[in-house]
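Number of protein chains: 2
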Amino acid sequence: MTHGYQLHYWPLIEGRGEFVRLALEAAAAPYVDVTRGQAASGKGMPAMMHYLQDASIARPPFACPVLVDGKLVIGQSAAILLYLGPKLGLVGKSERDRLWTHQLQLTIADLVTEVHDTHHPIASSLYYEEQKAEALRRSSDFLAVRLPKFVAWFEAVLQRNPKNDRLAQRSFPHLVGARLSYADLSLFQMVEGLLYAFPKGAKRALRKSPRILALHGGVAQHKRVAAYLASERRLPFSQEGLFRRYRELDS
Amino acid sequence: MTHGYQLHYWPLIEGRGEFVRLALEAAAAPYVDVTRGQAASGKGMPAMMHYLQDASIARPPFACPVLVDGKLVIGQSAAILLYLGPKLGLVGKSERDRLWTHQLQLTIADLVTEVHDTHHPIASSLYYEEQKAEALRRSSDFLAVRLPKFVAWFEAVLQRNPKNDRLAQRSFPHLVGARLSYADLSLFQMVEGLLYAFPKGAKRALRKSPRILALHGGVAQHKRVAAYLASERRLPFSQEGLFRRYRELDS
Numbered sequence: 184m185t186h187g188y189q190l191h192y193w194p195l196i197e198g199r200g201e202f203v204r205l206a207l208e209a210a211a212a213p214y215v216d217v218t219r220g221q222a223a224s225g226k227g228m229p230a231m232m233h234y235l236q237d238a239s240i241a242r243p244p245f246a247c248p249v250l251v252d253g254k255l256v257i258g259q260s261a262a263i264l265l266y267l268g269p270k271l272g273l274v275g276k277s278e279r280d281r282l283w284t285h286q287l288q289l290t291i292a293d294l295v296t297e298v299h300d301t302h303h304p305i306a307s308s309l310y311y312e313e314q315k316a317e318a319l320r321r322s323s324d325f326l327a328v329r330l331p332k333f334v335a336w337f338e339a340v341l342q343r344n345p346k347n348d349r350l351a352q353r354s355f356p357h358l359v360g361a362r363l364s365y366a367d368l369s370l371f372q373m374v375e376g377l378l379y380a381f382p383k384g385a386k387r388a389l390r391k392s393p394r395i396l397a398l399h400g401g402v403a404q405h406k407r408v409a410a411y412l413a414s415e416r417r418l419p420f421s422q423e424g425l426f427r428r429y430r431e432l433d434s
Numbered sequence: 184m185t186h187g188y189q190l191h192y193w194p195l196i197e198g199r200g201e202f203v204r205l206a207l208e209a210a211a212a213p214y215v216d217v218t219r220g221q222a223a224s225g226k227g228m229p230a231m232m233h234y235l236q237d238a239s240i241a242r243p244p245f246a247c248p249v250l251v252d253g254k255l256v257i258g259q260s261a262a263i264l265l266y267l268g269p270k271l272g273l274v275g276k277s278e279r280d281r282l283w284t285h286q287l288q289l290t291i292a293d294l295v296t297e298v299h300d301t302h303h304p305i306a307s308s309l310y311y312e313e314q315k316a317e318a319l320r321r322s323s324d325f326l327a328v329r330l331p332k333f334v335a336w337f338e339a340v341l342q343r344n345p346k347n348d349r350l351a352q353r354s355f356p357h358l359v360g361a362r363l364s365y366a367d368l369s370l371f372q373m374v375e376g377l378l379y380a381f382p383k384g385a386k387r388a389l390r391k392s393p394r395i396l397a398l399h400g401g402v403a404q405h406k407r408v409a410a411y412l413a414s415e416r417r418l419p420f421s422q423e424g425l426f427r428r429y430r431e432l433d434s
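If you read the sequences in order, they're chains V and C.
Be aware that the first sequence starts at 184, since it is given in my numbering, and climbs by one per residue.
Be aware that the second sequence starts at 184, since it is given in my numbering, and climbs by one per residue.
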């Protein structure tokens, strides 16, 4: 295995792994996307399953994504970003800023779960088609009640950040202070995913959120992020992922 | 307002606030349970609503529980415990132990969300009775698939902690190292809640988990925890809370 961080996640979907991948890419950190490598070279799915299933792992992650850094094995995307943030320069230096950035990330993680449950409100172990009626009801509430609440909150956070008051030309709003944080990257990914899954509903929910849209546009043009998005390392959204486009759910 | 930490949470239910309250109680930390005080003395619901709704809050929490410590305002129960852990002596000293304890807490938080969704699989804004059919399906999957997966993981974590190999008399297993952590307290509360909500299903799921049961029994006998549980400060479980007992969901 080469040097650098190891990221373990399902090989064909962005899912929760993408929040970590975006941070690694934006910081140009050396990392291996393990499951997309070959088993013959110690990568692939067997490498990930080792961390999830092998009884020799003293502190096993409950699920992926899993970050391995030397002897450290970390699960939970928000915990991974809490760990990586300072190392990648993607969080402020004060305890106050770090805690606030993490709090934002945890709220994004909550929103991720709610997005997942729009198409799987009954059980992850069942197909979408087996819970379609429930998915219609849950998505309807998600777009009418929950998403507007999250959007209003993120917009308020951007509005109340005093560093966003007078932005330099070609800059964009940030969630915390005046620098790019992993929470900004995650909010970008959230907006990307929502606009993919719910082209009508998400556009409507974001209509009166100029700061979120400016952040989304700004991150997309960040030099290293843009290069990553244009590369083969970026996986496409799909009907197997977290964000899924079912026309009937997008009311 | 008196000195010490301020905990803001809905006044009539344990909910997610209880994970924070248990840590404060176990450490005998000075705190005010703000919403249970009188508005005339600056407490009660208006004090909590100030932090959730007032545009003057620069870094507003998305939801309660909210911990206020001087000028610091923190939302998200796991982030609150990340902050409090070292101050209350309820987490190890190494970064490694702190990250692992937090990762455990985040997985407990995920389980909390799944427990909530057993009775509210469609929308928090609707009554249980309006989503009872869906609740039956979701609870059935929760007890058959999800809960056993979480239980097996926590049992494995306890089993693989080498400090649990030879326990002193009157001691009990801990999730991290040889000392009580906030994750232990939260797992205790999770077991309490599950046994309340699903007396049949939870007992079945926990049957082959001697270490979790020993932790649960041990925390209940911890001197300060036991005193707290016997006090009026401990709220009862109820049908308005996170853990609800609906006989029809307990299969």
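We put the beta carbon where it would ideally sit given N, CA and C, even for glycine.
By the rule that beta-carbons nearer than 8 Å mark a contact, R362/V does not touch chain C.
Relative to A339/C, the option among F325/C, L350/C, P356/C whose CA is nearest is P356/C. Just measuring C-alpha positions, the residue of E415/C, F371/C, S307/C sitting nearest R320/V is S307/C. Rounded to whole angstroms, the gap between the alpha carbons of N344/V and L195/C is 34 Å. In this structure, DSSP gives H303/C a state outside helix and strand, which the three-state scheme calls coil. Between the alpha carbons of V295/C and A351/V lies a gap of roughly 43 Å.
Non-local C-beta neighbours of D324/C in its own chain, meaning closer than 6 Å and more than five positions away in sequence, are absent.
Here DSSP, grouped into helix, strand and coil, assigns L432/C to helix.
Proximity of chain V to G258/C at the Cβ level (cut-off 9 Å) is accounted for by Q286, L289, T290, in chain order. Nearest neighbour of R353/C by Cα position, chosen from E312/C, G400/C, D367/C, turns out to be G400/C.
If you draw a 10 Å sphere on the C-beta of V374/V, you find 16 or more other C-beta atoms in it, and that means buried. Around the beta carbon of P304/V, a 10 Å sphere encloses 16 or more other beta carbons of the protein chains shown; the residue is thus reported as buried. In the three-state scheme derived from DSSP, where H, G and I count as helix and E and B as strand, I257/V is classed as strand. CA-CA distance, W336/C to Q342/C, rounds to 10 Å. Measuring C-alpha to C-alpha distances from Y365/C to each of G198/C, A261/C, Q189/C, L235/C identifies A261/C as the nearest. Distance from the CA of Y214/C to the CA of L205/C, rounded to the nearest whole angstrom, comes to 12 Å. Between H302/C and L432/C, the C-beta gap is smaller than 8 Å, which places the two residues in contact. The C-beta of W193/C comes no closer than 8 Å to any C-beta of chain V. A direct Cα-Cα distance of roughly 46 Å separates D280/C from S434/V. DSSP links V374/C through a beta bridge to no other residue. At a cut-off of 8 Å, the C-beta of F202/V has no neighbouring C-beta in chain C. Take A388/V, set aside five residues on each side of it, and the residues of its chain with a beta-carbon closer than 6 Å to its own are L330, P331, V334, in chain order.
The DSSP-derived three-state label of Y266/C is helix. Among the residues of the segment 303 to 336 of chain V, those with a Cβ less than 7 Å away from any Cβ of chain C are P304, I305, A306, S308, E317, R320, R321, D324, V328, W336, in the order of the chain.
Between L255/C and chain V, the shortest Cβ-Cβ separation is below 8 Å.
Boundaries of the alpha helix (DSSP H) around H233/V: 227 to 236.
Shown here for D252/V: same chain residues with a beta carbon closer than 7 Å to its own, the five before and five after excluded, namely Y188 in chain order.
Within 9 Å of the CB of P243/V, the CB atoms of chain C belong to W336, A339, V340, R343, in sequence order along the chain. Of all residues in the segment 265 to 282 of chain C, only L265, Y266, E278, R279, L282 place a beta-carbon less than 9 Å from a beta-carbon of chain V.
Within chain V, the residues whose beta carbon sits less than 7 Å from that of A261/C are L289, listed in sequence order. If you draw a straight line from the Cα of E208/V to the Cα of F202/V, it comes to about 10 Å.
Contact annotation for T296/C against chain V: T296 [CB-CB distance below 7 Å, chain order]. With a cutoff of 8 Å on beta-carbon distance, L309/V and L250/V are scored as not near each other. Its chain contains K346 as the residues whose beta carbon lies nearer than 7 Å to that of A361/V, once the 5 sequence neighbours on both sides are disregarded; these appear in chain order. Annotation: the segment 324 to 403 of chain V contains the following complete segments of the alpha helix (DSSP H) (minimum length 4 residues), in chain order: 330 to 343, 365 to 380, 382 to 389.
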